[in-house]
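If you count by the working numbering, then the sequence shown holds residues 21 to 412, one letter each, in order. All C-beta atoms in this analysis are idealised placements derived from N, C-alpha and C, irrespective of residue type, glycine included. Just so it is clear, the structure is predicted and the values come from calculations on it, not from any experiment. One structure below.
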Amino acid sequence: MNKDIKLIPDYFIIDQLLTEEHLLVRQSVRDWVDSKLKPVIDDYSQRHEFPSFVLKELGELGAFGPYIPEQYGGAGLDQISYGLIMQELERGDSGIRSTASVQSSLVMYPIFAFGSEKQKQKYLPLLAKGEKIGAFGLTEPNHGSDPGSMITKIEDKGDYYLLNGAKMWITNAPIADIAVVWAKDEHGIVRGLLVEKGMEGFSAPETHRKWSLRASITGELVFDNVKVPKENLLPNIQGLKGPMMCLNSARYGIAWGVVGAAIDCYSTALQYALERKQFDKPIASFQLQQKKLAEIVTEITKAQLLVWRLGTLRNDDKASPAQISMAKRNNVDMALNVARESRQILGAMGITGDYPIMRHMMNLESVVTYEGTHDIHLLITGFDITGIAAFK
Ligand code: TGC
Ligand code: FAD
């Protein structure tokens, strides 16, 4: 192949906007994905099995809590580095990025932002190393897009809180040592609790037969009169804005992550189009295939610019939730379209596990739904520009 052909597009030379540290962080995760994850991920996905060996290795890579301060075991990196880590992980598989998203943004972040000093010291260093794994329980069987209507509840029993209810579709639930659970108190106020594996009445059954995120483990969190010690309440947050602030961080990471999935589909399709011959010519020489490739690289470039700018806003603490929603929605949609177009470039070969495209496509069907659906993010933009909420 012509050495000038770039398999990882950087059409608007965004690398020039990155620091040495950003480039080093990206390279270390890229190397790990290429050497450790890519050779095995299709097999795990085909078997519907979570590759548990990644947990310790992601901890060693600094992929758990990259922006949590070093004093708590994090890497103390900025938001662009966090985004680049998510991008590289999702170039491997959305399910592995999910594991890192949940651990970082949905478990470590709330403990860091809303926890007591004792909770931070107790949990964050172990979570950063991957020695403890976390889950985040917001969605319920009957309350997905509308988490404010949740019915999981706590009652103050003096020495402890009595927790009852159930959460569904929870990433990492069956393997989690600790779950950040959102429940309403007697006044209907949403509170966050740290529920630990082994607490009596707490179980986390696995959700089977998924066609998407097959290398990620998903389950329920079931609470049947669980006595949660009072010291496990997150003291510094009340209301739905608590979980929503966690979602801001995770949605931001997804907006970057899916660029990685799109890049992997594009690079696979580009190489294939240059090598595959029909009618005695590489299929890359036909205008219709060039149209697909040119449009894909254009869409990836726009998505890269969007997340880079969003990252700089987040570094200055100036990114609004609506800006994050727009980036999440746009970039996941972009990645799904890129996966579908790339799959077509491979013809029949595109449906096999010999190439990563079909796996990315199936994974992205979850990503377009979780962390707020495609529709909900559109309504968030609609609300932001009109001032009228159309959710209800
Ligand atoms: P609403 O009345 O608008 O808001 C209630 C309170 O929350 C505040 N708030 C936010 N604060 C910070 N950031 C945000 N993004 C916020 N959005 C809302 C709001 O200011 C208000 O605060 P206060 O102090 O005035 O009380 O709430 P609503 O009930 O009308 O709902 C609005 C809606 C629909 C936009 C929201 O609930 C929503 O985004 N729904 C989608 C649910 C969702 O995203 N669930 C994700 C579950 S976790 C997950 O999917 C993990 S997958 C992980 C993986 O594997 O990678
Ligand atoms: P619903 O809310 O029932 O929506 C169904 C459809 O109706 C959607 O198309 C939606 O866009 C549409 N809709 C809903 N409300 C409106 C409206 N007001 N206007 C117009 N259309 C509307 N949750 C967690 O808490 N923690 C996790 O770790 C987690 N991990 C997940 C992992 C996977 C693999 C998946 C698939 C989901 C996960 N989720 C998790 C749950 C996820 O966040 C929810 O699936 C999502 O928020 C949507 O909720 P729902 O599936 O109940 O769909």
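Host alpha helix (DSSP H) of residue i (start-end)
i: residue 122; result: Unbroken run through residue 122: none, as it is neither H nor E.
i: residue 403; result: 394–406
i: residue 30; result: Taken as a continuous stretch (DSSP letters only), residue 30 belongs to no alpha helix (DSSP H), as it is neither H nor E.
i: residue 327; result: 307–335
i: residue 273; result: 261–295
i: residue 79; result: 74–81
i: residue 100; result: 99–112
CB contact flag (residue i, residue j, <8 Å)
i: residue 128; j: residue 161; result: no
i: residue 174; j: residue 182; result: yes
i: residue 60; j: residue 119; result: no
i: residue 231; j: residue 157; result: no
i: residue 285; j: residue 388; result: no
i: residue 53; j: residue 101; result: no
i: residue 347; j: residue 326; result: yes
i: residue 314; j: residue 354; result: no
i: residue 152; j: residue 198; result: yes
i: residue 257; j: residue 134; result: yes
i: residue 417; j: residue 209; result: Nothing can be reported for residue 417: it is not among the residues displayed for the chain, which extend from 21 to 412.
i: residue 113; j: residue 373; result: no
i: residue 352; j: residue 308; result: no
i: residue 69; j: residue 281; result: no
i: residue 193; j: residue 254; result: no
i: residue 191; j: residue 122; result: yes
i: residue 377; j: residue 320; result: no
i: residue 94; j: residue 85; result: yes
i: residue 27; j: residue 310; result: no
Inter-residue spacing [alpha-carbon to alpha-carbon] between residue i and residue j
i: residue 289; j: residue 302; result: 12 Å
i: residue 393; j: residue 165; result: 7 Å
i: residue 218; j: residue 126; result: 21 Å
i: residue 356; j: residue 250; result: 44 Å
i: residue 404; j: residue 379; result: 34 Å
i: residue 76; j: residue 330; result: 30 Å
i: residue 363; j: residue 81; result: 31 Å
i: residue 270; j: residue 345; result: 11 Å
i: residue 200; j: residue 365; result: 43 Å
i: residue 98; j: residue 408; result: 34 Å
i: residue 168; j: residue 412; result: 12 Å
i: residue 360; j: residue 91; result: 44 Å
i: residue 106; j: residue 305; result: 34 Å
i: residue 227; j: residue 67; result: 14 Å
i: residue 33; j: residue 406; result: 35 Å
i: residue 381; j: residue 369; result: 14 Å
i: residue 419; j: residue 300; result: Coverage of the chain is limited to positions 21 through 412, which leaves residue 419 absent and any answer about it impossible.
i: residue 215; j: residue 237; result: 19 Å
i: residue 24; j: residue 154; result: 43 Å
i: residue 206; j: residue 130; result: 22 Å
Opening and closing residue of the beta strand (DSSP E) in which residue i lies
i: residue 156; result: 154–157
i: residue 189; result: 180–191
i: residue 243; result: 238–249
i: residue 212; result: 210–216
i: residue 202; result: 198–204
i: residue 58; result: Element bounds for residue 58: not the beta strand (DSSP E) but the alpha helix (DSSP H), 58–67.
i: residue 174; result: 173–176
Self-check item: the stretch 141–148 in contact with the stretch 252–265 per 3-pair CB rule at 8 Å
Solution: These segments do not touch.
Practice problem: Could you tell me whether the stretch 238–256 touches the stretch 293–311, where touching means 3 or more Cβ pairs closer than 8 Å? | Solution: With the cut-off at 8 Å, the stretch 238–256 and the stretch 293–311 do not touch.
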